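Q: To start, I am sharing the structure in question, which I have written as structure tokens.
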Amino acid sequence: MSATTETIEQLIDHGYVAGFVTNIDAETFEPGLDEDVIRRISLIKREPEWMTQLRIQAYQDWLNMVPPDWAHLKIPAIDFQTISYYSAPKKKGDGPKSLDEIDPEILDTYNKLGIPLEEQKALAGIAVDAVFDSVSVATTFREKLSEAGVIFCSMSEALQEHPDLVRKYFASVVPHKDNFFAALNAAVFSDGTFVYIPPNVRCPMELSTYFRINESNTGQFERTLIIADEGSYVSYLEGCTAPQRDENQLHAAVVELVALGDATIKYSTVQNWYPGDEQGRGGIYNFVTKRGDCRGDRAHISWTQVETGSAITWKYPSCILRGNDSVGEFYSVAVTKGLQQADTGTKMIHMGRNTRSTVVSKGISAGKAHNTYRGLVRIARRAEHARNHTQCDSLLIGDRCGAHTYPYIEVKNPSADVEHEATTSKISEDQLFYCQQRGLDEEAAISMIVNGFCKEVLKELPMEFAVEARKLLNVTLEGAVG
Amino acid sequence: MNSSIIGQDWFQNTLLSNQPEIEKSKVLAVNNIQAKARNQLKHLVMPNRKQETWRYTDLNSLYEKMFKLNDRKTIDAIDVDEWIFPEQESYRLVMVNGRFNPQLSSLEGLSDRIIISAFSQLSAELQFDAARILQTINSFESDAFAQMNRSLFSDGFYIHVPKNTWIEKPIEIAYVNHSSDDQVLSQPSSLIILENDAQAKVVERYMSLDEAEYFFNGTSDIVLKKNAHLKHYRIQQESHNAYHLSRVALKQKNGSIYKNVNLALGGCWSRMDIQTAFEGQQASCDLQGVYTVRDQQYNDIHIDVKHQQPNCTSQEKFRGIIHGKGRAVFDGRILVSKDAQKTDAQLSNKNLLLVDDAEINTKPQLEIYADDVKCSHGTTVGKINPEHMFYLRARGIPEDQAYRMLCLGFAEQVLEAIEDKPIQNYIHGLLSNLL
């Protein structure tokens, strides 16, 4: 047992590979938050008046709100006045027209992270929007996408170029009053990604945003809005990393998805924010509001997430199944180790007839970490023949961690079929023995078993991401031994 | 107005208006309990929907009403005519509106070594003993309704089974409530202690004599010492106007076995809480139950199973039949602490939702801090399978009868485990009358 314990600890202590800092000139606001800061952000971005008003309104409402305390998390008090709400790499001239004009340091950063923004990405066939601290620095493949009529740009550009679209859908899924962090985000959001897929278009390539926090003392408050018009399809990937620092940084994002009739949105996340060191110093607070709205009949929204980073994760990607026959899916792997805490899950709100939802959540908890699944399945009175199946499995590694399951099930229609099942276990000695007996070393055996445990979720990821996610799993949680 | 403020007022008024009635008791032991609870109440936030444990509970309808302790004028005129066990084959205890009724009770043939008695009938010495135990156990510390029960402590049952003693006859307790001029507040507290290797069977029934509107607010404390074995049946069959709130706090030592079946059928507002804790190893706890909901009824089951010791097993199995436009709540938590390795805990909650405009909120929770455990929970909400219905109809069974058969069959998953035939038959009867 002692030998295995050693391996566990080695593996759990595995360093954070994305923890470097990029030295570039940045224009960063002084820490602090008041109406002035919000007006300045709005001014820099040359936003229309309605957006400035929305921000101010959100700020006013935020002042009267309190941070949520119902999650199974210990969140140290956050001083919102010590955070800088805007940081952008200093631009040469009027900002990059093409990739050549982007600061080579930034390009290099993304290369180090394995996200080449340059043309070789053509082989991978993914269009990338790179968000560096508060602003979007590069969006690739825009021409090719615009041939198909797809709009893929930063939120700031969208506000300039497609104000009507933005105005129609912005904050329509996550209103600014939704919760404390959504209100903060609406007040201070700096940039984000905007996607519009026109009717009956299948987006020709995977779209992707890569978020990177670089400056210290900043928070990242991005806002993503994806609209899939009738009969369209889009698959969207999101990745995140941050440098290794002793301080905690706040990431409070809002993601809104709108799927109209017969549209499909597939949203995949690999979240690998800096989780803090083994003493729990530093790390990102990942307080994100993600929600998808199936507005039309037969719309389909699918969330897939692999969560390995962040000191604290508070995140519940949800689906509002408004349209008849609409489908919501949530596949999640959440890994916590060290002193990480995660309280994550989903909400499936069934409102239309024959709506279906599937929830598969795999939680893995190691070290002294706590991993919580919290989910809501609500079948409204008019949601005839709604169907939900939820499965939550937890894997515990070591005897100092915790795994918790808090499902809420509210059913108001007798024709509904709702099932929830949850299990908690560890990797059994038998499984390990079986693999080791066949010549696999312990690490490989554990990796294999854990990958098997997460298989149902990993298979939902687009291929490129699945590879990345597997790699991440291998470095973070191979040490599962009972 | 904010419901926590409404609650605050309600508690204060209830306490104040009932205080004179309570001061008649001269027993010092009881006075201590009352004083301590009153003090405790000052530190509590009154239940409101912002609190997680009261999230789905509609308290406002309760807070709108005022209830008064009964002044024992009307208790002689009634009779309990329906018993599960024949008179010679059981011990009978009857409490009317929260007061012990010796005329209706019978303890014939009871050995001197065993205590089965109302609190008010105990000798001063035994009263002190019981009060001291209640205070040491100190359950429901943060539960305002339980503290209200203690603050206005009036009467209850004390059952004490000494070492190596098996009580062969079941103890059947009837809590009978009926209306008087006021809306009655009935709040017995009972204490059951089984010493090492003792065994007993207790049936508690909560009933109404008429369509009385009253608030039953009872507590039961149970302590099972080493290898003790208790079978505990609770049948709530109250009137359509009753408010029922009852809780069980169980503590189990090494090797003890607790088998519990709950039936929550009546009341317009009913909530049963069961909290169990293991204080020794190799103990097992089995909680099962059936709840039904008819029109305008609110029925709530809260289970909290704490595994704080290694090698214990628990099973929770509850079935809900929602056949009217009401609301059911099931909230079950299994907590496994750091040291409770080799825990085996399984929770299952299944619900039949049979009508429109009804609602079920279910929340099975696992909170696990140990790694070598087997824990699972499962929940379903569904309707009657049309194929099952077709099968029965194709065999000439009328629809309403087929419907009843299928509902009973669903409840059977719990009822079949009842080893005492008379109880099983009685519950069958109750359910088929209801559906």
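Top to bottom, those sequences are chains A and B. Everything in the first sequence is counted per our numbering, starting at 1 for the first residue and increasing by one. Everything in the second sequence is counted per our numbering, starting at 1001 for the first residue and increasing by one. By construction, the Cβ of each residue, glycine as well, lies at the ideal position given by its N, Cα and C atoms. Every value quoted in this text rests on a predicted model; they were computed, and no experiment measured them.
So for A/K92, helix, strand or coil by DSSP?
A: Its pLDDT being 44, under 50, A/K92 is placed unreliably in this model, and the value from its coordinates should be taken loosely. Note: A/K92 maps to coil in three-state DSSP.
Q: So what does B/L1287 bridge to, in DSSP terms?
A: B/N1260, B/E1316.
Q: Following the continuous alpha helix (DSSP H) through A/A182, name the residue where it begins and the one where it ends.
A: Residues 180-188.
Q: Out of A/A186, A/R382, A/E421, A/D129, which one is the CA nearest neighbour of B/P1364?
A: Closest option to B/P1364, Cα to Cα, is A/E421.
Q: Please state the DSSP three-state secondary structure of A/H72.
A: Correct three-state label for A/H72: coil.
Q: The alpha helix (DSSP H) spanning A/V448 covers which residue range?
A: In the sequence as displayed, the identity of residue 448 of chain A is Met instead of Val. Per DSSP, A/M448 belongs to the alpha helix (DSSP H) from 442-458.
Q: Would you call A/T390 buried or exposed, if buried means 16 or more other Cβ atoms sit within 10 Å of its Cβ?
A: A/T390 is buried by the Cβ-count criterion.
Q: Count the other C-beta atoms from every protein chain shown that fall within 10 angstroms of the C-beta of A/Y210, then say buried if there are 16 or more, exposed otherwise.
A: Buried, by the Cβ-count rule.
Q: Which value, in whole angstroms, describes the spacing of the CA atoms of B/F1216 and A/E247?
A: When rounded, the distance between both Cα atoms is 54 Å.
Q: Distance check for A/S146 and A/V234, CA to CA, integer angstroms please.
A: Rounded to the nearest angstrom, the two C-alpha atoms are 14 Å apart.
Q: For the region 413-441 of chain A, which segments carrying the alpha helix (DSSP H) assignment without a break, of at least 4 residues, lie completely within its bounds, in sequence order?
A: Those alpha helix (DSSP H) runs which fall completely within the region 413-441 of chain A and span 4+ residues are 429-437.
Q: Going along chain B, which residues have a C-beta under 8 Å from A/T423?
A: Neighbours of A/T423 on chain B, chain order: C1375, S1376.
Q: Reducing DSSP to helix, strand and coil, say where B/Q1135 ends up.
A: Helix, per DSSP.
Q: Taking Cβ-Cβ distances below 8 Å as the criterion, which residues of the region 41-69 of chain A are in contact with chain B?
A: Under the 8 Å Cβ criterion, the region 41-69 of chain A contributes no residue.
Q: Quick check on the DSSP output: what are the complete beta strand (DSSP E) runs of length 3 or more inside the region 379-418 of chain A, in order along the chain?
A: Counting only runs of 3 or more, we get 387-397, 402-411.
Q: Kindly list the residues whose CB is nearer than 7 Å to the CB of A/L73, restricted to its own chain and excluding five residues on each side of it in sequence; keep chain order.
A: Once the five neighbours on either side are set aside, the close Cβ partners of A/L73 are I312, W314, Q341, D343.
Q: By how many angstroms is the C-alpha of B/D1286 removed from the C-alpha of A/V333?
A: For A/V333 and B/D1286, the distance between alpha carbons rounds to 33 Å.
Q: What runs of the alpha helix (DSSP H), each 4 residues or longer, lie entirely inside the region 1014-1053 of chain B?
A: DSSP runs (the alpha helix (DSSP H)) wholly in the region 1014-1053 of chain B: 1028-1042.
Q: Short of 8 Å in beta carbon distance, which residues of its chain neighbour B/L1015, apart from the five on each side in sequence? Order them along the chain.
A: Once the five neighbours on either side are set aside, the close Cβ partners of B/L1015 are R1038, L1041, M1148, S1151, L1152.
Q: Where does the unbroken beta strand (DSSP E) through A/E329 begin, and where does it stop?
A: Segment 327-336, the beta strand (DSSP E) holding A/E329.
Q: If you draw a straight line from the C-alpha of A/P96 to the C-alpha of A/Q220, how long is it?
A: Bear in mind that a pLDDT of 46 at A/P96, under 50, signals an unreliable position, so the number given afterwards is only what the model happens to contain. About 21 Å.
Q: Which bits of chain B does A/E456 rub up against, with CB to CB less than 7 Å?
A: Near A/E456 there are no residues of chain B at all, since even the closest Cβ is about 17 Å away, more than 7 Å.
Q: Which stretch, first to last residue, makes up the alpha helix (DSSP H) that contains B/H1388?
A: Per DSSP, B/H1388 belongs to the alpha helix (DSSP H) from 1386-1394.
Q: In chain order, which alpha helix (DSSP H) runs of at least 4 residues are fully inside the region 1135-1166 of chain B?
A: Taking only runs of at least 4 residues, the alpha helix (DSSP H) segments lying wholly in the region 1135-1166 of chain B are 1144-1151.
Q: Could you check whether the region 1158-1175 of chain B touches the region 1196-1205 of chain B, counting it as contact only if at least three pairs of C-beta atoms, one from each stretch, sit closer than 8 Å?
A: Contact between the region 1158-1175 of chain B and the region 1196-1205 of chain B is present, because at least three Cβ pairs lie under 8 Å.
Q: Which residues in the same chain have their Cβ closer than 7 Å to the Cβ of A/E47, if we skip the five residues on either side of it in sequence?
A: The residues are L159.
Q: Counting only C-beta atoms, is A/D417 closer than 8 Å to chain B at any point?
A: Output row for A/D417: interface = yes.
Q: How many angstroms separate the CA atom of B/I1423 from the CA atom of B/E1087?
A: C-alpha separation (whole angstroms): 15 Å.
Q: Measure the alpha-carbon distance for B/G1326 versus B/E1213 and round it to whole angstroms.
A: Each residue's Cα considered, the two are about 18 Å apart.
Q: Quick check: A/F465 and A/L237, are their CB atoms within less than 8 Å of each other?
A: Contact flag set, yes.
Q: Does DSSP classify B/E1213 as helix, strand or coil?
A: In the structure shown, B/E1213 sits in coil (DSSP, three-state: anything other than H, G, I, E or B).
Q: What residues of chain A sit near B/V1369, judged by a beta carbon separation below 7 Å?
A: Before going further, note that residue 1369 of chain B is Tyr rather than Val in the sequence given. Per Cβ cutoff of 7 Å: G402.
Q: Residues of chain B with a CB under 8 Å from the CB of A/R381: which are they?
A: What A/R381 touches in chain B: D1356, D1357.
Q: May I have a chain-ordered list of the beta strand (DSSP E) segments no shorter than 3 residues that lie completely inside the region 1349-1386 of chain B?
A: Runs found: 1359-1368, 1374-1382.
Q: Does the region 391-409 of chain A come close enough to the region 1382-1391 of chain B that 3 or more CB-CB pairs lie under 8 Å?
A: Segments in contact, no.
Q: Is B/D1372 close to chain A? Criterion is C-beta to C-beta, closer than 8 Å.
A: It does: the Cβ of B/D1372 has a partner Cβ on chain A nearer than 8 Å.
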